[in-house]
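*Asks:* Here it is: the structure, laid out below.
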Amino acid sequence: MIRKLFIALFLFPIVGPLFAQEATKPDVLIVTTGGTIASNTNAPMSEGHELIRAVPELTKYANIDVEEFVRIGSSKMTPAIWLSLVKRINERVEENPNLGCIIITHGTDTMEETAFFLNLTHRSTVPIVLVGSMRSSNEISADGPANLLNALRVGISEEAIGKGVLVVLNENISAGRDLIKSHNRRVDAFASTERGFIGSVDPEKVVFYSAPTKAHTIKSEFNVYQLASLPPVDIVQDYAGLDSTIFSYYKARPNQGLVISSFAGGRVSNGFREIFNLPESHKPIVIASSIKGGRIMGSNREGTPIVVSNDLPANKARILLMLALTKTKEPREIQQIFDKY
Ligand code: ASP
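Start counting at 1 in the sequence shown, then tack on 57, and there's your number in this note's numbering.
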């Protein structure tokens, strides 16, 4: 009896505020997909819950729910996985109206592609932050835990809302559209085009410098939730002396569009000479510069299937063309889409 009284009088006030505090923390869903952040060079890749349990600091900031979606190196990512990922995210957003943000752990090889795909197809204001690492968990100064905690801090910050899908690595915040992996090994592997990083994760607070200007998420016109697959699009790399039979091969493949990763300014070798004589009704051909800086000037060439990607590199131009093809096959309309996103 005395013990019960003690519990009622003394413990309850202590327990009460603790629970109250829990209720003030945002709900965060962490979706795991594999990558180096889940890797140990001496052991199999960690299961999602195990990966997140290794960073207990996360629970100081949020009520964490973990879902392992896939466990792969991101070089094995596919459009089919993107499609089921964005559908699953939509289900989770609809299930929990209080969801504060979604963190996706991901390999860095295709992180920029997944981020751009979600940036264009996630039809919600719930922030998504992708995070990975350059070092495996068993390496000295592994960067995964700090990156993960920083991603969470960014995701739950008020300012993350309305900025589209974000990527956090090495204390930098990038817009999903503009992120580029630019080093094979170092922890500062990610650069962010001329648009620059849009913020920084300081120990003291999360700071945003700017916001993306291109359309994304709730302003995007692409609704893929009912689609069974995405239209296939191939990328062909141009180079000095490309043989025209390479283009003939890609032209004949069962794709619905083609992206040429061209020279600076959108210039192409003679192997692609034929594209300027193809009719407008031919499947669209997007020209993307393989130079990371500046944009291709000019626009869709009247009467041809040619569209220019502006400043999007070929891997992202392919994603935008796949999505554009769900709406139109008209090169002029596709060019408008490239100008908008
Ligand atoms: N192999 C890794 C991947 O899944 C590389 C990384 O995550 O940094 O992309």
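Cβ coordinates follow ideal geometry from the N, Cα and C atoms, glycine included.
Which residues does DSSP list as the beta-bridge partners of V183?
*Replies:* In DSSP, V183 forms no bridge with anything.
*Asks:* When DSSP labels each residue in this structure, what does A345 get in the three-state scheme?
*Replies:* Reduced to three states, the DSSP call for A345 is strand.
*Asks:* Count the other C-beta atoms from every protein chain shown that fall within 10 angstroms of the C-beta of S103, then say buried if there are 16 or more, exposed otherwise.
*Replies:* That one is buried.
*Asks:* Applying the 10 Å Cβ sphere with the 16-neighbour rule, what's the burial state of T270?
*Replies:* The residue is exposed, with fewer than 16 neighbouring Cβ atoms inside 10 Å.
*Asks:* For the candidate residues A381, I161 and V188, whose alpha-carbon lies nearest to that of P289?
*Replies:* Measuring from the Cα of P289, the nearest candidate turns out to be A381.
*Asks:* What are the boundary residues of the alpha helix (DSSP H) that R128 is part of?
*Replies:* First-last for R128: N120 to I129, but that is the beta strand (DSSP E), not the alpha helix (DSSP H).
*Asks:* DSSP on L223, reduced to helix/strand/coil?
*Replies:* In this structure, L223 counts as strand in the three-state DSSP scheme.
*Asks:* Which residue marks the beginning of the alpha helix (DSSP H) containing T171, and which one marks its end?
*Replies:* First-last of the alpha helix (DSSP H) with T171: M168 to T178.
*Asks:* Tell me whether S277 counts as near the ligand ASP, meaning its Cβ is closer than 7 Å to at least one heavy atom of that ligand.
*Replies:* Because no heavy atom of the ligand ASP lies under 7 Å away, the Cβ of S277 does not count as near it: no.
*Asks:* Have a look at Q78 and E390 and give me their C-alpha separation to the nearest angstrom.
*Replies:* Caution is warranted here: a pLDDT of 46 is assigned to Q78, below 50, making its placement in the model unreliable, and no coordinate value can be reported.
*Asks:* Taking 8 Å as the cut-off, decide whether the C-beta atoms of K153 and D84 are in contact.
*Replies:* The identity of residue 153 in the sequence shown is Asn, whereas the question assumes Lys. The answer is yes: Cβ separation under 8 Å.
*Asks:* Quick check: what's the CA-CA separation for S190 versus L335?
*Replies:* Computed Cα separation, rounded: 44 Å.
*Asks:* Tell me which same chain residues have a C-beta within less than 8 Å of the C-beta of I230, skipping the five on either side of it?
*Replies:* Closer than 8 Å at the Cβ level, and outside the excluded window around I230, lie V211, L223, V224, F254, I255, G256, S257, V258, V263 and F265.
*Asks:* If distances are taken between C-alpha atoms only, which option among G322, N280 and S194 comes closest to T98?
*Replies:* T98 has its Cα closest to that of S194, out of G322, N280 and S194.
*Asks:* What's the C-alpha gap between I185 and V143?
*Replies:* Using only the alpha carbons, I get a separation of about 11 Å.
*Asks:* Using CA atoms only, rank isn't needed, just tell me which of K373, R128, R358 and L187 is closest to A217.
*Replies:* When each option's Cα is compared against that of A217, the closest is L187.
*Asks:* How should K373 be labelled, buried or exposed, when 16 other C-beta atoms within 10 angstroms of its C-beta is the threshold for buried?
*Replies:* Counting Cβ neighbours within 10 Å, K373 comes out buried, since at least 16 surround it.
*Asks:* Is any non-hydrogen atom of the ligand ASP found closer than 7 Å to the C-beta of S231, if you look at the structure I gave you?
*Replies:* Flag unset: Cβ of S231 not near the ligand ASP.
*Asks:* Just to check my reading of the structure: F174 and R234 have Cβ atoms closer than 8 Å, yes? What is that Cβ distance to the nearest angstrom?
*Replies:* Their Cβ separation, rounded to whole angstroms, is 11 Å, which puts F174 and R234 out of contact at 8 Å.
*Asks:* Rounded to whole angstroms, what is the Cα-Cα separation between Y398 and K340?
*Replies:* So the alpha carbons of these two residues sit roughly 20 Å apart.
*Asks:* So is V72 buried or exposed if we call it buried at 16+ other beta carbons inside 10 Å?
*Replies:* The predicted position of V72 is uncertain, since its pLDDT is 35 and thus under 50; no value can be drawn from it.
*Asks:* Quick one: is the Cβ of G91 within less than 7 Å of any heavy atom of the ligand ASP?
*Replies:* The answer is yes for G91.
*Asks:* Across which residues does DSSP place Q294 in a beta bridge pair?
*Replies:* According to DSSP, Q294 bridges with S318.
*Asks:* Per DSSP, what kind of secondary structure is F254 in: helix, strand or coil?
*Replies:* Here F254 sits in coil by DSSP.
*Asks:* Is S132 near the ligand ASP, with its Cβ less than 7 Å from a heavy atom?
*Replies:* S132: yes, Cβ under 7 Å from the ligand ASP.
*Asks:* Sorry if obvious, but does the Cβ on T98 come closer than 7 Å to a heavy atom of the ligand ASP?
*Replies:* Because no heavy atom of the ligand ASP lies under 7 Å away, the Cβ of T98 does not count as near it: no.
*Asks:* May I have the straight-line CA-CA distance separating L378 from G164, to the nearest angstrom?
*Replies:* Roughly 23 Å between the two C-alpha positions.
*Asks:* Rounded to whole angstroms, what's the CA-CA distance from F69 to T116? Just pull it up for me.
*Replies:* For F69, the predicted model reports a pLDDT of 38, less than 50, meaning its position is unreliable and no value from the coordinates is stated.
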